[in-house]
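The block underneath contains the structure these notes are about, expressed in structure tokens.
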Amino acid sequence: MSEHEDRGRPEEEPQVPEEPRGRADGDARAPAGAEARADGEPEAPTGAEDRADGDARATAEEPARGTRQPAPGPSRSAQFVRDLLSGSWLVTVLAIFIALVLSGVLIAGADARVQDAAGYFFARPTDMLGAAWDAVSASYTALFRGSIFDYQATSFARAIRPLTETMVFSVPLVFTGLGIALAFRAGMFNIGGQGQIIAGAIVGGYIGFGMNLPVVLHLILAVLGAALGGAIYGGIAGVLKARTGANEVIVTIMLNNIAVYLIAWLLTQPAFQQPDSNLPRSPYVEATALYPTLLGPPFRLHLGFLLMIAVTALVWWLVERSTFGFELRAVGANPEAARTAGVSVSKVIIVAMLVAGALSGLGGSAQVLGTEGLLTAGVAASYGFDAITVALLGRARAWGTLAAGLLFGALKAGGFLMQSTTQTPIDIILVMQSIIVLLIAAPPLVRAIFRLPAPRPGRRQRSVLEAQEVAAA
Amino acid sequence: MKLELRGITKRFGSLVANDSIDLVVEPGEIHALLGENGAGKSTLMNVLYGLYDPDDGEILLDDRPVRFDGPGDAVAAGIGMVHQHFMLVPIFTVAESVALGYEPAGRLGIIDRRTARKRVTEISDRFGFDVDPGAVIEDLPVGVQQRVEIIKALSREAKILILDEPTAVLTPQETDELIEIMRQLKAEGTSIVFITHKLREVRAIADSITVIRRGKVVGEATPDTSETELASLMVGRSVSMAVDKDPAEPGDDGLVISDLTVLDSRNNVVLDHIDLTVRRGEILAVAGVQGNGQTELTETILGLTEPLQGSITLDGKELTGTDVKSRLRAGVGFIPEDRSTSGVISTFTVAENFILDLYDVEPFARAGTLRPQVIQDNARKRAEEYDVRLRDVDDPISTLSGGNQQKVVVAREMSRPLRVLVASQPTRGVDVGSVEFIHKQIVAERDNGTPVLLVSSELDEAMNLGDRIAVMYRGAIVGIVPGDTDRDVLGLMMAGVPLEEAQAQAAVHRTALAAADDQTEEAP
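Residue numbers (the numbering used here), protein chains in the order written: chain A, 33 to 505; chain B, 183 to 706.
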């Protein structure tokens with residue numbers, strides 16, 4: 033139903049929440065628009081004298097909730113952001129736990145000894161179970177040794193190197209994850225992390241290897257250039273959405289493709305190629321433009337990690353404490369109300385995408401000025417897509433994204449050792465990440481598995497009750 | 183058919199929505215179920231209609247206990263329900279709508295349209311409904327759509343008709359027609375359960391009245407019970423129905439709208455050369471059936487919509503062409519008509535909602551940074567001042583009742599110095615106690631010398647608050663009349679009849695509600 037027709041249908045006292053919507057009653061149901069409007073107006077009387085009324089209505093609304101059509105609110109994205117933000121930490125932890133268990137099953141299934149023992153499972157079941165235990169524990173031990181602490185290492189430096197590797201891998205993930213999380217908070221699905229990383233890496237990399245500048249200045253300029261490259265690339269999607277209403281999901285996905293081919297083409301151009309070489313590789317970034325290492329060899333940990341923590345704090349301030357963040361969150365939660373409150377929605381969309389792109393661009397800088405040291409077609413690896421998962425797991429919050437990025441960095445770092453020592457395919461890591469995201473995106477599933485109560489209605493009911501108790505007192 | 187509900191109890195979790203409710207509806211009786219929003223009226227009717235299973239109690243039809251497992255059973259037993267929000271498919275014809283869910287199918291499952299049409303014509307003629315079975319639903323006025331719903335129920339041989347807030351969407355004249363229809367149905371022996379919270383209608387139509395509060399029956403009343411008495415039964419304490427206000431002392435022109443024309447996205451004219459002047463210290467009420475341009479009028483004043491032509495000036499300064507924020511800063515206070523979509527952000531805290539349009543000004547922000555402590559203190563102060571019942575200002579505002587959410591909006595808009603207040607449906611979906619409070623605040627703002635533009639589709643509200651009333655119809659102003667203009671005249675104007683003609687017609691034919699008005703006036 034169009035907005036116009038919707039308005040043409042007058043209604044006065046929206047009292048509908050009492051009405052159970054989920055059950056078919058043989059009547060023609062009104063089109064979604066009318067229901068959505070009515071649902072949007074939950075109505076509860078208040079105050080001491082109305083207390084039982086409130087009870088009646090708080091409850092009357094509940095049965096309808098589970099079966100109601102999804103996304104009755106102002107927009108689907110606002111609804112998604114709401115769900116994402118309201119998810120509990122317990123669900124996150126449990127999702128990681130389930131992912132470890134299911135991946136364990138897969139690890140066991142892929143193990144040759146387990147497969148052999150399965151052939152005579154009914155004769156000696158302990159053989160297979162024992163083999164499965166060995167396979168899973170060996171894999172997860174290797175994962176731990178590869179990502180946190182290698183207790184079998186010969187020196188202390190080697191023992192803690194896995195942890196620093198985890199930190200190194202987390203840098204591009206966290207930067208890009210922050211960019212995606214910030215866009216989420218503004219109600220946008222920024223799928224363009226990949227393209228924004230590449231755009232940042234191109235600009236940052238070019239400044240790094242194509243220019244000769246003094247020591248500190250060179251790095252600063254290269255980092256800012258990377259941020260700018262990403263910002264422009266993200267900004268394209270923002271401007272298109274704000275000015276024409278173009279769907280940012282489609283635009284950013286298309287921009288990803290453009291970026292992939294753009295970098296492939298650039299690397300065939302003389303300005304971007306190593307001299308006397310036909311390989312699609314850029315010259316090495318000047319030492320003056322590289323992030324300095326923090327611990328020196330053999331560690332790869334570089335200054336980008338500290339920058340990442342500082343930027344996380346900055347993003348936290350920007351989203352949660354700044355006036356722009358207020359606008360951004362308002363637009364993400366309810367663009368209509370934001371507009372009514374004098375917020376320029378299109379400005380917020382554009383600025384949000386600029387900042388999101390800049391953050392991803394910094395992720396690109398971590399690659400080209402940090403771990404890689406040069407520009408290749410694979411400079412972004414799959415960080416742009418992994419970062420979506422990181423932002424989801426971090427519940428679109430700055431510090432949550434940092435934590436999620438560290439976890440995924442650990443999985444990445446540990447995956448290599450796991451593959452080399454136990455022959456467990458590294459793809460298991462991808463499966464693990466995917467299961468986590470699947471479960472985060474489907475909190476009801478996690479709740480169902482662990483028989484957790486639905487958080488929101490319960491909390492809401494309690495709050496309403498408590499509010500009324502307060503009022504009564 | 184006689185309907186009896188005995189001890190109906192419906193619990194949701196530990197909470198009791200209906201607490202052993204007894205209700206008897208005699209055959210051929212119009213029985214009003216009166217109660218505030220959330221009192222449990224609709225829950226009760228949903229139990230009766232088979233949508234909820236009662237936890238306790240029984241339903242008796244003609245003294246025989248019955249059990250409904252779903253609306254199908256209820257319909258088969260002769261119970262029909264007309265929902266507040268019509269359950270019609272906009273692109274269907276009347277005949278198709280009536281047939282839906284009860285298709286008179288012929289061979290091969292093909293719907294027998296002729297039978298469906300015949301049935302519509304039959305019922306329509308019998309009650310003088312004047313409904314064309316071939317008309318498409320979306321082309322029909324709301325009042326006629328409602329009749330289609332009634333025909334639908336009657337075509338399934340409903341002996342008991344439940345009407346859920348049937349007058350909420352009607353003009354006074356349409357309401358009058360509905361009342362006529364209800365009387366005819368009654369004469370034919372149909373029992374009617376009439377759910378409402380409007381006291382005036384209850385007194386005009388009902389044979390008997392049951393008042394529900396907090397899920398319990400708190401009293402039975404007869405139509406000659408006074409409105410004040412009914413209101414106190416409904417709310418549980420004495421409330422004053424009339425708004426106490428002194429005569430307006432209008433000053434200079436505040437808000438001047440001239441020749442304002444606005445098109446919608448499909449280039450339909452939604453505001454048609456509007457001229458309005460709101461003077462300082464007066465309330466100009468804009469009355470009219472919803473959807474006649476009121477929304478666009480307020481949105482254009484705030485700057486959410488740009489006009490095609492015309493000007494809006496505030497204290498002589500032109501507003502058109504500036505953005506929403508500069509208009510807010512210029513002193514436009516805005517209470518949006520739809521609180522949940524435009525007034526508050528439900529996931530934000532109460533404190534944040536208190537500063538939704540003040541988030542970037544001192545003292546709430548400094549150097550681009552919000553100051554949570556100041557914001558919280560402000561919220562506590564305003565909550566106290568405006569009697570907002572809450573637990574913690576850091577709870578999401580969705581934990582507040584509708585009335586309290588609306589008080590947050592009102593408090594927010596009135597807490598800064600205003601040059602004009604635009605209040606759109608300020609008491610929609612708000613409990614009676616809060617209505618009284620909000621009305622007082624609006625009058626107080628007027629007495630401070632602020633021009634107030636009040637848009638209300640509740641005629642009572644427009645009449646109670648407005649010093650002058652502008653009636654809108656199809657995007658144009660039909661006329662601007664004094665606040666004490668006769669209800670029938672206003673009703674006719676709301677249907678597009680010009681003032682003189684409306685006065686002439688109203689003098690000849692009094693509607694039931696206006697007649698009730700006359701009685702009330704004579705009584706004291």
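Glycine residues also receive a C-beta, built at the ideal position from the N, C-alpha and C atoms. Please read all numbers here as calculations on a predicted model, not as lab measurements.
| Query | Result |
| --- | --- |
| D497/B versus P599/B - alpha carbon distance | 14 Å |
| Beta-carbon proximity check, A388/A vs A170/A, cutoff 7 Å | no |
| Positions along the segment 541-575 of chain B whose CB lies within less than 7 Å of some CB in chain A | Y541, D542, A547, G550, T551, L552, R571, L572 and R573 |
| Extent of the continuous alpha helix (DSSP H) run through V203/A | F188 to R217 |
| Buried versus exposed, by CB contacts within 10 Å (16 or more), V690/B | exposed |
| Interface residues of chain B facing S376/A [CB-CB closer than 9 Å] | D505, V506 and K507 |
| Coil, strand or helix - G195/B by DSSP | coil |
| Supposed contact pair V570/B and V590/B - C-beta distance, whole angstroms, cut 8 Å | 6 Å |
| For S638/B, three-class secondary structure by DSSP | coil |
| Boundaries of the alpha helix (DSSP H) in which K273/A is found, first to last residue | V247 to T276 |
| Residues that DSSP places opposite D435/B in a beta bridge | R461/B |
| Beta carbon proximity, F358/A to chain B, threshold 7 Å | yes |
| Straight-line Cα distance separating A435/A from T186/A | 29 Å |
| A163/A - DSSP class collapsed to helix/strand/coil | helix |
| DSSP-derived helix/strand/coil call for P253/B | helix |
| Range covered by the alpha helix (DSSP H) that runs through A428/A | Here A428/A belongs to no alpha helix (DSSP H), and DSSP marks it neither H nor E. |
| Beta bridge counterpart(s) of N200/B as assigned by DSSP | K192/B |
| Own chain residues within Cβ distance below 6 Å of S390/B, not counting five before or after | H213 |
| Amino acids of chain B, ordered along the chain, whose beta-carbon sits closer than 9 Å to that of T284/A | Residues of chain B passing the Cβ test: none, with the nearest at roughly 25 Å. |
| Three-state class that DSSP yields for A68/A in the structure shown | Low per-residue confidence applies at A68/A: pLDDT is 36, beneath 50, and the placement is therefore not dependable, though the value from the model is reported in the following sentence. Here A68/A sits in helix by DSSP. |
| Alpha carbon of T778/B to alpha carbon of A384/A, nearest angstrom | This structure cannot speak to residue 778/B, because chain B is shown only from 183 to 706. |
| Selection from F331/A, G266/A and A373/A that minimises the alpha carbon distance to F201/A | F331/A |
| The segment 658-671 of chain B / the segment 487-507 of chain B touching (three or more Cβ pairs under 8 Å) | no |
| Exposure label - N288/A; buried when at least 16 CB within 10 Å | buried |
| Contact check, G475/B vs V460/B, beta carbons under 7 Å | no |
| Contacting residues, own chain, Cβ-Cβ under 7 Å from L197/B (five flanking each side not counted) | none |
| Simplified DSSP assignment, three categories, for F376/B | strand |
| Where R353/A meets chain B, residues with beta-carbon distance less than 7 Å | T551 and L552 |
| Straight-line gap, E211/B to A388/B (C-alpha atoms, nearest Å) | 8 Å |
| For T408/A, three-class secondary structure by DSSP | strand |
| Which listed residue (M364/B, E347/B and A467/B) has its alpha carbon closest to that of G665/B | A467/B |
| Beta-bridge partners of S390/B, as assigned by DSSP | H213/B |
| Same chain only: Cβ atoms within 6 Å of D539/B, ignoring 5 sequence neighbours per side | L510 |
| The segment 523-539 of chain B: positions lying closer than 8 Å to chain A by Cβ | T523, S524, G525, V526, I527, S528, T529, F530, E534, L538 and D539 |
| Straight-line Cα distance separating T433/A from M220/A | 17 Å |
| Neighbour-count burial assignment, P633/B, 16 or more Cβ in a 10 Å radius | buried |
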